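In our numbering, the protein residues as written are 3 to 274.
One structure below.
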């Protein structure tokens with residue numbers, strides 16, 4: 003989910019990562035130097051339904067879905083698997099205490115906007131390897147279940163760590179996840195963190211939340227072309243994002259609830 007705090011400065015992060023950034027990621031099948039025309043496996047501007055609140059039958063015209071790793075892929079449709087890769091998932095206890103980030107007082111570091119989510123410690127090679135030991139099997143499970151893609155969430159957790167984590171830590175962890183996903187036969191999405199779009203991590207496409215609302219769409223399309231799936235939670239952001247050529251845009255309620263649920267809202271850009 004989109005984090006409402008102010009993101010780290012793109013220019014500051016670019017300087018910090020100058021030593022580890024590589025060329026922009028090339029999507030499989032895209033000629034060298036060309037930007038992708040769509041998310042791999044989907045036509046340009048395809049309707050993708052963000053179903054993190056629970057799986058349900060997609061509406062007519064939907065070409066793909068994003069679902070939690072605990073739900074099955076949508077039969078006959080492109081499907082992406084969501085994993086919370088840099089923070090804990092509320093109500094789940096798969097993380098040992100030593101893999102959670104702690105402050106100088108020994109307290110767990112929580113996401114200020116989602117206080118029931120705790121940041122994972124990705125500050126060292128050893129801790130990142132241990133985190134991959136938990137998340138990696140989830141990624142493999144997504145592939146075994148028949149998903150086409152994986153979406154590791156909270157790449158931007160370092161911005162909420164109070165300086166305990168760095169952008170370079172996030173990049174190093176992300177590269178491990180990308181490698182694991184590719185070895186499992188999945189394409190993998192960069193989730194938010196516009197300031198890392200050009201860090202050369204190796205992602206195949208991008209998933210953004212409120213890139214129209216926060217004027218961040220261009221940071222992703224500059225690197226990924228139209229291989230971007232955007233979810234907007236406001237009418238203003240939705241209208242803005244629908245002006246981005248070729249990307250997939252959906253208007254959703256913030257709770258990403260199921261049809262019939264309180265506040266359920268789902269819509270796509272008008273067909274031109």
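Glycine is no exception: its CB is placed at the ideal position from the N, C-alpha and C atoms.
Since the structure is predicted, the reported quantities are computational estimates derived from the model, not experimental observations.
| request: Can you say whether residue 118 is buried or exposed, counting buried as having 16 or more other CB atoms within 10 angstroms of its CB? | output: exposed
| Where residue 228 and residue 222 are concerned, what is the direct C-alpha to C-alpha distance, given to the nearest angstrom? | 9 Å
| task | Can you grab the Cα-Cα spacing for the pair residue 130 / residue 272, in whole Å? | result | 43 Å
| query | On the three-state DSSP scale, how would you describe residue 215? | reply | coil
| query | So what does DSSP say about residue 240, is it helix, strand or coil? | reply | helix
| query | Helix, strand or coil for residue 208 per DSSP? | reply | strand
| query | Given that a residue counts as buried once 16 or more other Cβ atoms are within 10 Å of its Cβ, and exposed if not, what is residue 261? | reply | exposed
| query | Counting contacts by CB-CB distance shorter than 8 Å, is residue 262 in contact with chain C? | reply | The chain inventory of the structure shown lacks chain C, comprising one protein chain alone.
| Can residue 45 and residue 206 be called in contact, C-beta distance under 8 Å? | no
| query | Unbroken alpha helix (DSSP H) runs of length 4 or more, entirely within the stretch 224–269: which are they? | reply | 237–243
| request: Along the alpha helix (DSSP H) that carries residue 69, what are the first and last residues, could you check? | output: It is not in any alpha helix (DSSP H) - residue 69 instead sits in the beta strand (DSSP E) that spans 64–70.
| query | For residue 167 versus residue 192, is the C-beta spacing smaller than 8 Å? | reply | no
| task | Give the DSSP bridge partners of residue 189, in chain order. | result | 151
| Given residue 2, which residues of its chain have a CB within under 6 Å of its CB, disregarding the five upstream and five downstream residues? | The shown model of the chain, from 3 to 274, leaves out residue 2, and the question about it has no answer.
| task | At 3 residues or longer, and completely inside the stretch 46–133: list those beta strand (DSSP E) runs for me, N to C. | result | 49–53, 64–70, 80–86, 116–120
| said: Are the CB atoms of residue 49 and residue 250 within a distance shorter than 8 Å? | reply: yes
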